[in-house]
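Report on one structure; see the data block that follows.
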Amino acid sequence: MRKFIFTLLGCLCISPLFSQNKIIGFVKDMASNKPLPFATILINNSISVITDAEGKFEITLTNETKEVKVSYLGFETQKISLTPQTNFYQVNLNPKIENLAEVTVYARDNAALRLLKKAVAKQDENNPDKKANNYRYDAYEKILVTANLDSVARWIDQYAPLSEEGIFSKADSVDFQLINSLKKNHLYISEKISTVNFTKKAGRSEEIKAYRMGGFKEPVYEVLAVDLLSLSWYKPRYTLLGTEYRNPFSPQGLKDYYFQITDTILVENRPGYVINFRPQNADLPGGMQGTLFIDTQSLALQRVIIQVDGGISIKATQDFTYLKVENLWFPASKGLVIRQGDANQRIELLGGGVSYKPENATDSLHLDAVKSPTKLVYFTAKTTVNNLEVNQSIGFKPSSYDIVLEKNADKLSDSEWQRLRPEPGTARDTETYRVLDSLVKAEKVEKKINLARKVLAGWYPTKYIDWDLRTLVKYNNFEGFRTGLGFLTNEIFSKRFRLEGYGVYGFKDTSLKYSFGGAVKVFPETNTWAGINWVDDLQEVGNTVYLTDQRIFSLFEPRLFNIELFYDTQILSAFVEYDFSPQLFSKFQISTGDFFTKFDYTYRNDGKSFNFYQLGTITWSFQYNPFSRFVKTNRGKLEVKQGFPKFSLQLTKSIDGFLSGDFNFFKAEGRVLHEIKHLDHTTTTFLFEAGWGTGDIPLTHLYHASPNNPTDSRILKRFSVTGRNSFETMFFNEFFSDKYAAFHLKHKLNRFNITKKFRPELTLISRAAIGDVSNTQKHIGIDFKSLQDGFLESGFELNKLYKGFGLSFFYRYGPNKLPNFDDNLSFKFTYYFSFGL
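Residue numbers for the sequence shown follow my numbering, so the first one is 1134 and each next one is one higher.
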């Protein structure tokens, strides 16, 4: 009865619209009864509308229109005859079962391949970033986690009798709570209004005018960097939910996909080819299937539909609009719908950082997995382009930031949002914001997110001070257990001034170490800080620390356990931090200090012996991350996505007589880090390091190439923690250099799915180093060798065997191979912290 009343009311509501020739309908899968988002509704073989995330469409027709055609990838196209008495249609499409002959058509459709080769060859002529000198547009993005109200109503009609009989399990009661919530509001909502500017010289930048995440007073800025959908189809790879896929509309894609011309169609009154594509190999890493709509004249993309099916079902579409003056198809909108899938296949998300595979149903006896309301819930994201200007005299200054969040963009009132939105918000949207505001506040979600963000960086936040977790407990061979406490004032204390310091105590050397300093932000626009710092602490002999290195926190600092040689320092420094751009930042420092080793060592220079010496140094350090993404927020610069390669450079000059310095030398060191994430979700990492020094350099300031092998002849006695980028078979203090170069190559394979919980991960590693050292006779009290003949080692890590722990094995070979076989081996354990993913 209730369903009948709803249907009757629906008919009464839409019947007055018939005189305007407007019809409404839904497109669904005949087999599963699920909505089909982004289905194409054709009138006279021209695209009229596309169904929304719920499979719904609305069309205003002329009296002459007698039928429409509904098509969807993987389903049989259906013609719908229109009658004057009907203005609501439910279209059920039958899944298309492809036989061997149809698959052969895909493989042998040379006409489609020839056409696509021509289209790919003309990409630069059709790519807006290549053809246009500049463009500017406004974009509106709306993200929902929701359910179709009609589906919710039908679910209630079907299962409400169970409520009256009182025969629910606890799980069923939760299901009904979910349904009752979905009647009034979405489960989640966020909106963003931004202006995108592009010039060939400066590239693309986005200015966010308004941004709202349901429940959050301050946005989670890291979300801004997640590429839900790429905007450009003219690149070798396409990004979907943060994961890269092989683009079929690319030279490599032509080799990896089958293509078939299935139809011709009109898009904005321009004819286009309809070409379906699918991977040649069903197990192709980074493969997807879908449909390309290609202009018959310009061979540009008019529309793209893609889908990826597995544990979740992902469907996406991108539409282009034709600009007649520029003869250019420009992106007009993009949409994404994610539902729970039916296939028992793991789906990788966020670049492989998260994977999803459906579990066996564990619902109650009454509401099984098929009937559970969670099946109704879906994620949808839609972005529309408005106010597009191409090749105009656009008066804007390109930002060096990828994304700029304008001041107060996250603090707009409801009335301001209604004014800025290109489409009005709904009562359901408003209620969702109200519910989420209450929920997030009650659960203290923002506080928990801030805590997690700080802890992962090694801080424990309080109101005015963040406490340094890295100083709590450490261990090394010289100090034994080293414990203490460090602090840093946070932004609540001051946005323009900071204080920092620490105090620690070593139980084995019974010595107190400490540091204290402060800085003031001089120019916020360039993130310029000026400050001073005093440190009285130990440092590792031969270690290189870049002043611009970002803070890294880990539960284990692997090499620290095995270090044997330290020297004591008492250094006073004055520094300036300055950002030339978000991608290029630097630190300039002048220091004076006292240095003395904690072992028997003398440095001979100009006929004098030094067990203790002073240095006056000038250091300038640079970090360049050209491919990382940076957001300008209310809190300043934030790196929200790492890009590779990354470049580091540091120059140090010690001057005899400057600030009471004893030695004159110059050092330059550089580092290049590159990481390639392959479409099969394996990762290859390259690290190149080099250093060059000249002058009177004591042992403490030479290069040691990062050894990590304890000094012992028995292999099991050397069993310890594997380092991150260290030579595992190189003994501590075995080599020192004033000129060196080292190369590290790692290839991480996919995890082995042995069982649900036991999924180890194999990483193959090779390393090489070469170097030289001058004036070895000046270093008295310690014996070491030169790397002039080179050093080689290879091995593997078998990680994540249990709770982040694993094992490693390395073998030393080449010119510096040792005569005793066991001395060339390294067998250790590894540890990589994870969230159990």
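Idealized CB from N, CA, C, for every residue including glycine.
> In angstroms, rounded to a whole number, what distance separates the CA positions of residue 1287 and residue 1507?
Replying inline: Within the sequence shown, the letter at position 154 stands for residue 1287. Within the sequence shown, the letter at position 374 stands for residue 1507. Cα to Cα, residue 1287 sits roughly 14 angstroms from residue 1507.
> I think residue 1077 touches residue 1828, with their Cβ atoms under 8 angstroms apart; what is that distance to the nearest whole Å?
Replying inline: The displayed coordinates of the chain run from 1134 to 1970. Any statement about residue 1077 would go beyond what the structure contains.
> What does a CB cutoff of less than 6 angstroms around residue 1676 pick up in its chain, not counting 5 residues either side in sequence?
Replying inline: Numbered from 1 along the sequence shown, position 543 holds the residue referred to as residue 1676. Excluding sequence neighbours, residue 1676 sits near nothing in its chain.
> How far does the beta strand (DSSP E) with residue 1753 in it reach, from first residue to last?
Replying inline: Here residue 1753 corresponds to residue number 620 of the sequence shown, with the count starting at 1. Unbroken beta strand (DSSP E) run through residue 1753: 1745-1757.
> Can the beta-carbon of residue 1869 be found closer than 8 angstroms to that of residue 1826?
Replying inline: Counting from 1 along the sequence shown, the entry for residue 1869 is found at position 736. Counting from 1 along the sequence shown, the entry for residue 1826 is found at position 693. Result no, Cβ atoms of residue 1869 and residue 1826 do not sit closer than 8 angstroms.
>> Rounded to whole angstroms, what is the Cα-Cα separation between residue 1384 and residue 1260?
In response: The residue given as residue 1384 occupies position 251 in the sequence shown. The residue given as residue 1260 occupies position 127 in the sequence shown. If I take the Cα positions, the gap works out to 15 angstroms.
> residue 1319 by DSSP, collapsed to three states: which one?
Replying inline: By 1-based counting over the sequence shown, the position of residue 1319 is 186. Coil, per DSSP.
> Measuring CA to CA, which of 1674, 1460, 1159 is closest to residue 1732?
Replying inline: One-based indexing of the sequence shown puts residue 1732 at position 599. Among 1674, 1460, 1159, the Cα nearest to that of residue 1732 is on 1674.
> Do you know how far the Cα of residue 1204 is from the Cα of residue 1156?
Replying inline: For this step, residue 1156 is matched to residue 23 along the sequence shown. For this step, residue 1204 is matched to residue 71 along the sequence shown. Approximately 17 angstroms between the Cα atoms of the pair.
> Looking at the structure shown, is residue 1501 part of a helix, part of a strand, or coil, going by DSSP?
Replying inline: Position 368 of the sequence shown, counted from the first residue, corresponds to residue 1501. Because the pLDDT of residue 1501 is 45, which lies under 50, any placement of that residue in the model is unreliable, and the number read from its coordinates should be weighed accordingly. Three-state DSSP puts residue 1501 in coil, outside helix and strand.
>> Report the CB separation of residue 1777 from residue 1811 in whole angstroms; it is logged as a contact under 8 angstroms.
In response: Within the sequence shown, numbered from 1, the residue matching residue 1777 stands at position 644. Within the sequence shown, numbered from 1, the residue matching residue 1811 stands at position 678. The pair is not a contact, with the Cβ atoms about 13 angstroms apart (cut-off 8 angstroms).
> Considering residue 1615, what are the terminal residues of the beta strand (DSSP E) in which it resides?
Replying inline: For this step, residue 1615 is matched to residue 482 along the sequence shown. 1613-1622 is the extent of the beta strand (DSSP E) around residue 1615.
> Taking C-alpha atoms, which residue in 1598, 1752, 1710 lies nearest to residue 1724?
Replying inline: What you label residue 1724 is simply residue 591 of the sequence shown in a count that begins at 1. Here the closest residue by C-alpha is 1752.
> Can you list the beta strand (DSSP E) stretches of 3 or more residues lying completely in the region 1808-1880, in chain order?
Replying inline: 1816-1828, 1840-1842, 1860-1864
> Ordered along the chain, which non-local residues of its own chain (more than five positions away) have a Cβ less than 7 angstroms from that of residue 1354?
Replying inline: Taking the first residue of the sequence shown as 1, we reach residue 1354 at position 221. Result list for residue 1354: 1764, 1766, 1771, 1773, in chain order.
>> Please state the DSSP three-state secondary structure of residue 1304.
In response: Locating residue 1304 in the sequence shown gives position 171, counting from the first residue. Caution applies to residue 1304, whose pLDDT of 45 falls short of 50 and renders its modelled position unreliable; the model cannot decide the point.
> Taking Cβ positions only, does residue 1948 come closer than 8 angstroms to chain C?
Replying inline: Any reference to chain C falls outside this structure, which holds one protein chain only.
> Hey, would you say residue 1429 sits closer than 8 angstroms to residue 1408, going by beta carbons?
Replying inline: Working through the sequence shown from its first residue, we reach residue 1429 at position 296. Working through the sequence shown from its first residue, we reach residue 1408 at position 275. No, they are not a contact pair.
>> Taking the straight line between their C-alpha atoms, what separation do you get for residue 1191 and residue 1936?
In response: Along the sequence shown, read from residue 1 onward, the residue named residue 1191 stands at position 58. Along the sequence shown, read from residue 1 onward, the residue named residue 1936 stands at position 803. Cα-Cα distance, rounded: 53 angstroms.
> By Cβ distance, which residues of its chain are closer than 7 angstroms to residue 1116, with the 5 residues on each side in sequence left out?
Replying inline: Outside the shown range of the chain (1134 to 1970) lies residue 1116, about which nothing can therefore be said.
> In whole angstroms, what separates the C-alpha of residue 1656 from that of residue 1662?
Replying inline: Looking up residue 1656 in the sequence shown gives position 523. Looking up residue 1662 in the sequence shown gives position 529. The alpha-carbon atoms of residue 1656 and residue 1662 are separated by roughly 7 angstroms.
>> I'd like to confirm the pairing. Which residues does DSSP put opposite residue 1214 in its beta bridges?
In response: Here residue 1214 corresponds to residue number 81 of the sequence shown, with the count starting at 1. Residue 1214 pairs with 1200.
> Near residue 1600, what residues of its chain come up, given a Cβ to Cβ distance below 6 angstroms and the 5 sequence neighbours on each side ignored?
Replying inline: Looking up residue 1600 in the sequence shown gives position 467. Cβ within range, chain order: 1593, 1620.
> What's the call for residue 1959, buried or exposed, on a 16-neighbour Cβ count within 10 Å?
Replying inline: Along the sequence shown, read from residue 1 onward, the residue named residue 1959 stands at position 826. Label assigned to residue 1959: buried.
> Fully enclosed by the region 1904-1957, which beta strand (DSSP E) runs are 3 residues long or longer?
Replying inline: 1924-1935, 1938-1946
> Which residues in the same chain as residue 1650 place their Cβ atom closer than 7 angstroms to its Cβ, once the five residues preceding and following it in sequence are excluded?
Replying inline: Here residue 1650 refers to the residue found at position 517 of the sequence shown. Excluding sequence neighbours, residue 1650 sits near 1633, 1634, 1664, 1665, 1666, 1667.
> Along the chain, where does the alpha helix (DSSP H) that runs through residue 1582 open and close?
Replying inline: Numbered from its first residue, the sequence shown carries residue 1582 at position 449. 1578-1589 is the extent of the alpha helix (DSSP H) around residue 1582.
>> By the three-class DSSP mapping on this structure, what secondary structure does residue 1994 have?
In response: Residue 1994 lies beyond the stretch modelled for the chain, which goes from 1134 to 1970, so this question has no answer here.
> Would the beta-carbon of residue 1472 fall within 8 angstroms of that of residue 1511?
Replying inline: Here the question's residue 1472 lines up with position 339 in the sequence shown. Here the question's residue 1511 lines up with position 378 in the sequence shown. Against a cut-off of 8 angstroms, the Cβ pair of residue 1511 and residue 1472 comes out as a contact.
>> DSSP three-state label for residue 1187, please.
In response: Sequence index remark: in the sequence shown, residue 1187 carries index 54 (1-based). Reduced to three states, the DSSP call for residue 1187 is coil.
> Roughly how many angstroms separate the alpha carbons of residue 1267 and residue 1337, rounded to a whole number?
Replying inline: Taking the first residue of the sequence shown as 1, we reach residue 1267 at position 134. Taking the first residue of the sequence shown as 1, we reach residue 1337 at position 204. Each residue's Cα considered, the two are about 9 angstroms apart.
>> Using a Cβ-Cβ cutoff of less than 7 angstroms, which residues in the same chain neighbour residue 1695 once the five nearest sequence positions on both sides are dropped?
In response: Against the sequence shown, residue 1695 aligns to sequence position 562. Only 1610, 1841, 1843, 1853, 1865 meet the Cβ criterion.
> Thinking C-alpha only, which one of 1197, 1815, 1333 is nearest residue 1524?
Replying inline: In the sequence shown, counting from the first residue as 1, residue 1524 sits at position 391. With distances taken between Cα atoms, residue 1524 lies closest to 1333.
> For residue 1166, is the classification buried or exposed, using 16 other Cβ atoms within 10 angstroms of its Cβ as the cut-off for buried?
Replying inline: The count along the sequence shown starts at 1 and reaches residue 1166 at position 33. Flag for residue 1166 reads exposed.
>> Taking 8 angstroms as the cut-off, does the region 1316-1325 touch the region 1560-1573 (at least 3 CB pairs, one atom from each stretch)?
In response: yes
> In this structure, does DSSP put residue 1674 in helix, strand or coil?
Replying inline: Here residue 1674 corresponds to residue number 541 of the sequence shown, with the count starting at 1. Correct three-state label for residue 1674: coil.
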